[in-house]
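The structure under discussion appears below in the form of structure tokens.
In my numbering, the protein residues as written are 20 to 284.
Quick look at the structure:
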């Protein structure tokens, strides 16, 4: 049996970009104290997800670079890998574009790279520009992929891409807050709730890998942070709307990726 402990940082939505860094570095310390080898944060947690129609600061490349440095220093200080939901200004073209992304950091504080969101929700048109490439990561003895919010809920091929290439775990940072009059769940994948949490169980079962889904903590949230096992059952979940760092021990021998490998594309 090969076991790795992962942490799910279910944190309140940050009141400001500066607070996002403060809360993230504190959660890194908490995750390390809990024995985790790697910790995952919600979508665009630093500097904070840009909700359509909600005022937000202009993208700031200097702030982001400083924030990534602070998070990397915390990772190195506590010897823990980090899957940080963030954003980045991509200046590879003629005009800089903003991408929703994840920065992966090794326990020594070095950067493993970015995974951009390749499938944005229609509501994000005009906010984020989708990326066009996928990455596989190896951090703290774990091989994993990353799918961001809408990608994991609605596009099964994003999880399968990683599993077919050896990912034992697929991290799924996302953001979902309650809408007026929406259903307020207390149990994961409640039949009365939307399809979203059921999709997470499906992504794990159809690929025989773990799916680690991480949301912010907010009152009445329609989804919560959770771990789906390779057989599609629920391993654990964070109580809805409750902030905290949830840790889970994953038996990697269960992540055979059998069904992903058998898929004929």
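Ideal placement from N, C-alpha and C gives every residue a C-beta, glycine not left out.
DSSP-derived helix/strand/coil call for residue i
| i | result |
| --- | --- |
| residue 175 | helix |
| residue 27 | strand |
| residue 197 | coil |
| residue 358 | As shown, the chain starts at 20 and ends at 284. That puts residue 358 outside it, with no answer to give. |
| residue 266 | strand |
| residue 146 | coil |
| residue 155 | coil |
| residue 261 | coil |
Spatial distance of residue i from residue j (CA atoms)
| i | j | result |
| --- | --- | --- |
| residue 152 | residue 78 | 22 Å |
| residue 90 | residue 99 | 11 Å |
| residue 82 | residue 115 | 16 Å |
| residue 278 | residue 75 | 42 Å |
| residue 106 | residue 88 | 14 Å |
| residue 238 | residue 193 | 16 Å |
| residue 272 | residue 235 | 30 Å |
| residue 280 | residue 135 | 24 Å |
Cβ pair residue i, residue j closer than 8 Å
| i | j | result |
| --- | --- | --- |
| residue 58 | residue 123 | no |
| residue 67 | residue 32 | yes |
| residue 182 | residue 255 | no |
| residue 128 | residue 63 | no |
| residue 268 | residue 65 | no |
| residue 95 | residue 44 | no |
| residue 28 | residue 264 | yes |
- Item | Inter-stretch contact (C-beta, 8 Å, three-pair minimum) for the stretch 217-231 and the stretch 40-53 | Flag = no, the stretch 217-231 and the stretch 40-53 do not touch.
- Task: Could I get the ranges of all uninterrupted beta strand (DSSP E) runs contained in the stretch 207-253, with 3 residues as the minimum, in chain order?
- Result: The DSSP assignment places complete beta strand (DSSP E) segments of no fewer than 3 residues inside the stretch 207-253 at 229-233, 245-247, in order along the chain.
- Message: Threshold first: 3 residues or longer. Then list the beta strand (DSSP E) segments lying entirely within the stretch 75-142, N to C.
- Response: If we require 3 residues or more, the beta strand (DSSP E) runs fully inside the stretch 75-142 come out as 100-109, 116-124, 130-135.
- Query: Within the chosen definition, does the stretch 210-217 reach the stretch 239-254 through at least 3 CB pairs nearer than 8 Å?
  - Reply: Result yes; three or more Cβ-Cβ pairs closer than 8 Å.
- Note down, one range per segment and in chain order, each beta strand (DSSP E) of at least 3 residues found wholly within the stretch 47-78. The qualifying runs are 57-59.
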